[in-house]
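Undergrad: The sequence shown lines up with residues 93 to 858 when you count with the working numbering.
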Amino acid sequence: MLSHRSTEDDEQLCTKRYVVEFIGEEVGHDVKSLKNVGDVLEKLTAENELLEEQMLTESGPVPLKLSSALTAAEEVMASLKVLLQRERTLSNTLQQHLQGAQPWVARLGQTLGQVDTIDRHMKYLQCLQRIEDLSDSIQQYLMTNGVWEAITAVRTMASLDMGLKESGCTHLQFFLRETLRFWHRIVKDRLAGDFKEVLTLLHWPLISPSTQSMAHPANVQEINNQLDLLAGQLLSLQTSDDVISEKWLAPHSGMPQAAPLSLPIQIMLLPLSKRFRYHFTGNRQTNSLNKPEWYLTQVLMWMGNSSDFMEKIQHIMDRAGTNGNARVELCRGLLSLAQEKLASDIPRLLHDDDLFCHLVDEILQFEKELRGTYNYPATLPGALHILLDEATLRKWLTVEKTRAMEKVDTMLLSEGAWRSQYRDISNMDELDELKAPACAETFMTLLSVITERYRSLPCSRAQLRFLELQRDLVDDFRIRLTQVMKEESRCPLGARYGAVLNAANYISTVLADWADNVFFLQLQQAAVSLGEEEDSGGILSGLGMVEVGSLFEDLLVLLERLRGDMMSRLLDAVMRDVKEKAQAYRQGGWLSLPSQCDQATMSLSSSACPMMLCLRDHLLNLQQLLCVPLFQTTWQGLAYQMDTFLYEEVILYNNFNEGGAAQIQFDMTRNLFPLFGHYSKRPENFFKRVKEACIILSLNVGSALLLRDLLGDAVEEWITLDEEEPMGGGEGNPSPESALNELGVYLLPPSDVLSLLNLRVSWPGQ
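#1: With DSSP as the reference, label Asp844 as helix, strand or coil.
#2: So, are the CB atoms of Asn763 and Ser687 less than 9 Å apart?
#3: Cβ of Met497 within 9 Å of Cβ of Ile599?
#4: Leu355 and Leu329 look like a contact to me (Cβ under 8 Å); what is the Cβ gap, rounded to whole Å?
#5: Does the segment 485-501 come close enough to the segment 412-427 to have 3 or more Cβ pairs within less than 8 Å?
#6: Please name the residue, chosen from Trp606, Val491, Phe644, Ala435, that lies closest to Asp446 on a Cα-to-Cα basis.
#7: List, from N- to C-terminal side, the alpha helix (DSSP H) runs of 4 residues or more that fit wholly inside the segment 584-625.
#8: Measure the Cβ-Cβ separation of Leu294 and Val312 and say whether it is below 9 Å.
#9: With distances taken Cα to Cα, identify the nearest neighbour of Arg424 among Glu776, Pro352, His710.
#10: Inspect the beta-carbon positions of Ala796 and Leu849 and report whether they are closer than 9 Å.
#11: With distances taken Cα to Cα, identify the nearest neighbour of Ser697 among Phe758, Gln206, Leu573.
#12: Kindly give me the distance between the Cβ atoms of Ser430 and Ala475, rounded to whole angstroms, as I take these residues to be in contact under 8 Å.
#13: Give the straight-line distance between the Cα atoms of His344 and Ile478, rounded to the nearest whole angstrom.
#14: For Asn594, count neighbouring C-beta atoms within 10 Å of its own C-beta (all shown protein chains included) and say buried if the count is 16 or more, exposed if not.
#15: For Asn519, does the three-state DSSP call read helix, strand or coil?
#16: Taking the CB atoms as reference points, tell me whether Phe737 and Met760 lie closer together than 9 Å.
#17: Any contact between the segment 227-245 and the segment 173-192? By contact I mean 3 or more CB pairs, one from each, below 8 Å.
#18: Measure the alpha-carbon distance for Asn724 versus Gly680 and round it to whole angstroms.
#19: In or out: Met694 buried (at least 16 other Cβ within 10 Å) or exposed?
#20: Answer yes if the segment 608-627 comes into contact with the segment 550-563, meaning at least three C-beta pairs across the two stretches below 8 Å, and no otherwise.
#21: If I measure Cβ to Cβ from Ala754 and keep anything under 6 Å in the same chain, skipping five residues before and after, which residues do I get?
#22: With the cut-off set at 9 Å, would you say Leu252 and Arg222 are in Cβ contact?
#23: Does the pairing of the segment 196-210 with the segment 244-261 give three or more beta-carbon distances under 8 Å?
#24: Under a three-way DSSP split, which group does Ser512 fall into?
#25: Note down, in chain order, each residue of its chain lying with its Cβ closer than 8 Å to the Cβ of Gly508, except the 5 sequence neighbours on either side.
#26: Could you say which of Ile315, Ile278, Asp410, Lys280 lies nearest to Trp296 if we only look at CA atoms?
#27: Pull the bridge partners of Arg852 from the DSSP assignment, please.
#28: Here's the rule I'm using: 16 or more other beta-carbon atoms within 10 Å means buried, otherwise exposed. How should Thr90 be labelled?
#29: Quick one, are the C-beta atoms of Trp73 and Arg588 less than 9 Å apart?
#30: Can you find the residues in the same chain that come closer than 7 Å, C-beta to C-beta, to Leu388, ignoring five residues on each side of it along the sequence?
#31: Please report the residue range of the alpha helix (DSSP H) in which Phe372 lies.
#32: So Met704 is in the alpha helix (DSSP H); what residue range does that whole segment cover?
#33: Taking the beta carbon of Gly752 as the centre, do at least 16 other beta carbons fall within 10 Å, making it buried, or is it exposed?
#34: Out of Asp320, Leu362, Cys786, which one is the CA nearest neighbour of Glu403?
#35: Contact between the segment 269-289 and the segment 370-378: three or more CB pairs below 8 Å?
#36: Expressed to the nearest angstrom, what Euclidean distance is found between the alpha-carbon atoms of Cys583 and Pro842?
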């Protein structure tokens, strides 16, 4: 039934495929070809009728073909039935045969199992025999002084041990391991004893520079040859040593797994290890918790003193084909002594902040010398890994924050906290450009020191925790600045207020520079990666940042807000003072002033003198008070506000005769603009409305009349059309904008210019 249904489905699928192909050939993908559908339908109808006629005609060729096909199909069905019958017969015969052979199969399986057991027993016994043979050969070689042959046999036994590692023969594994350990220890002890004697003849260990200068024995060449031989034999024994021993350097918590040291280096480290433990353990005076520098310095000294001697060992290792660096391995071994001592001492110092801080300082200095002076590879763990233990790291962060807060409190209470450190030093313009008060500069130096302390940590997660600490300190200092600013806001032009403003600007500038620093960019990428791994963004949100921003983005926003608020208060204070001094000038008699031709020389309006002097004094004071970038922003903001004040409250507030227009132009262009000329080559560009207003007020009468008529007609035309389009001139007349541009007026719109022209009173007939 299923076969029949499958056949029908296949036939339907073939029919559908044929129809699709047929339509594709006849019609194609062109929509315009659809008009041919009628012709195709007629063609198919004709073919169908022809086929029906052929089917109905008995003498046609098609029925004969069908009859032949049906006959062939019946023959095939008959053959198929015969084959199926034969298949059933054979299947029954096979089942009877299998049932009869089942006992034979069971007995054969049992026999094969016994053979397999005997084979495994034979292999087990062969392995035991192999172990015994190797043991006998090692013993024989050692008795005949065949050290190399004994080493080869031990290495073979070690290979056999590794081959049995995945087997389930636990007793055999144990027996082999113990046998290997026994012979390895005998061979190693024999070589180690001879190797120690040779090292002693060569004055090893080199515990001080004076040891290096000691005279070598007369037979130094023979001793060196013996050193080469014994070191090479020990290196050949390395494989079995790696198999039977645990890792020589047991990793401390948080430290990566370390590869075992080569046998010659292990033996060379024994006298140094003995000296280290003698001096820095137990009740001896050199074992002092408050003097970690003693044993850290001692380790570095041994590294330096042994550097030349390790070149000999390196040559031996190279000839033996060993991949290793003798000097680095010795440093690893010595470093393990320091790591072990640090791991032992640190838990005892967690409750003493002073001793703990001293220890951290010494570890950082040790790590710096280890990596720099002694070129210890960055890929290998150093002493800093000891500080990554959670309890130790948490203590370090706590102490750093506590000490930093104490230093901030102390420096803010100091007498010179708000004075620049360079104010009394000559030729220090570059250093004093930001005019950072001592407290701000000391604070950022404190943050820089913290950065240098955690920069070398081998863990990005730990570095980010210190970064979070720095951010907390910056935010705390910003709050302190805000508090001082509020206290000084009653006198925004005072020295301390300016110092707070300089401090906020200085911190913001330094943080912006840090955001582009390679180290902090790498740290930002690490924060993003860690946040993605945790699928929570916890690290990013903890830092108060987003992926697209910098590590200090939110802090910079807050500092900029503080700086903007303080700048606004400062400018408001200046403008209040200036406006108070400008009241007489604002209400000056601009209608009754004599014309310029009636005056011998023009001079500053007497009513403008208080305003100009006040403005000058404030500019000089601000220049002394603020750093260069802030003063630049301040005087430009002041110029903008003065431009607005003079234009809106002096010029638009009054009417001007010819003399008044000339006077205000003289006051502005010859007095106000030059006042700001000390800070800009083109100060008039910061007083565009006043400058353009003076141009309009000072036009001669004819030009003013023409301009007024042009602007008046344009305004009337614009009002009539009621369209928001640029005002154009009449036929043959220039546009108002082009006419104003020719006069040098680009900012003021035509409507404002028309208002200015109406302020003039010197018109014909008036």
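Backbone N, C-alpha and C define an ideal beta-carbon position, used for all residues, glycine too.
TA: In brief:
#1: In the three-state reduction of the DSSP assignment, Asp844 falls in the helix class.
#2: Cβ atoms of Asn763 and Ser687: not closer than 9 Å.
#3: Their beta carbons are not under 9 Å apart, which means Met497 does not touch Ile599 by this criterion.
#4: With 8 Å as the limit, Leu355 and Leu329 qualify as a contact, their Cβ atoms being about 6 Å apart.
#5: Under the three-pair Cβ rule at 8 Å, the segment 485-501 does not count as touching the segment 412-427.
#6: Closest by alpha carbon: Val491.
#7: At a cut-off of 4 residues, the continuous stretches assigned as alpha helix (DSSP H) that sit fully inside the segment 584-625 are 587-607.
#8: A contact, by the Cβ cut-off of 9 Å.
#9: Nearest of Glu776, Pro352, His710 to Arg424, Cα basis: Pro352.
#10: Remark: C-beta atoms of Ala796 and Leu849 approach each other more closely than 9 Å.
#11: Closest in C-alpha terms to Ser697, from the list Phe758, Gln206, Leu573, comes Phe758.
#12: Inspection of the sequence shows that residue 430 is occupied by Ala rather than by Ser. Under the criterion of beta carbons closer than 8 Å, Ala430 and Ala475 qualify as touching, at roughly 6 Å.
#13: At His344 the pLDDT is 46, less than 50, meaning the model places this residue with poor confidence; the figure from the coordinates comes in the next sentence. One C-alpha to the other measures close to 7 Å.
#14: So Asn594 ends up on the buried side.
#15: Residue confidence is low: Asn519 scores 48 on pLDDT, short of 50, so the model does not pin down where it sits. Its coordinate-derived value is still stated next. Here DSSP, grouped into helix, strand and coil, assigns Asn519 to coil.
#16: Result no, Cβ atoms of Phe737 and Met760 do not sit closer than 9 Å.
#17: Verdict: no, contact absent.
#18: Sequence check: residue 724 is Gln here, not Asn. Those two C-alpha atoms are separated by around 32 Å.
#19: Classification of Met694: exposed, given that the 10 Å Cβ count is below 16.
#20: Verdict: yes, contact present.
#21: When the five nearest sequence neighbours on each side are left out, the beta carbons in the same chain lying within less than 6 Å of the beta carbon of Ala754 are those of Gln688, in order along the chain.
#22: At the C-beta level, Leu252 and Arg222 come within 9 Å of one another.
#23: The segment 196-210 vs the segment 244-261: no contact.
#24: Correct three-state label for Ser512: strand.
#25: Within its own chain, the residues whose Cβ lies closer than 8 Å to the Cβ of Gly508, once the five positions on either side in sequence are excluded, are Ala530, listed in chain order.
#26: Among Ile315, Ile278, Asp410, Lys280, the Cα nearest to that of Trp296 belongs to Ile315.
#27: Answer is Phe748, bridged to Arg852.
#28: Lying outside 93 to 858, the shown extent of the chain, residue 90 is not represented and no answer is given.
#29: Residue 73 cannot be examined here, being either before or after the span of the chain that is shown, 93 to 858.
#30: For Leu388, where only same-chain residues beyond five positions count, the Cβ hits under 7 Å are Ala430, Glu454, Phe458.
#31: Phe372 -> alpha helix (DSSP H) spans 355-372.
#32: Met704 -> alpha helix (DSSP H) spans 701-717.
#33: Buried: at least 16 other Cβ atoms inside 10 Å.
#34: Of the candidates Asp320, Leu362, Cys786, the one whose C-alpha sits nearest the C-alpha of Glu403 is Asp320.
#35: No, the segment 269-289 is not in contact with the segment 370-378.
#36: Between Cys583 and Pro842, the C-alpha separation is close to 43 Å.
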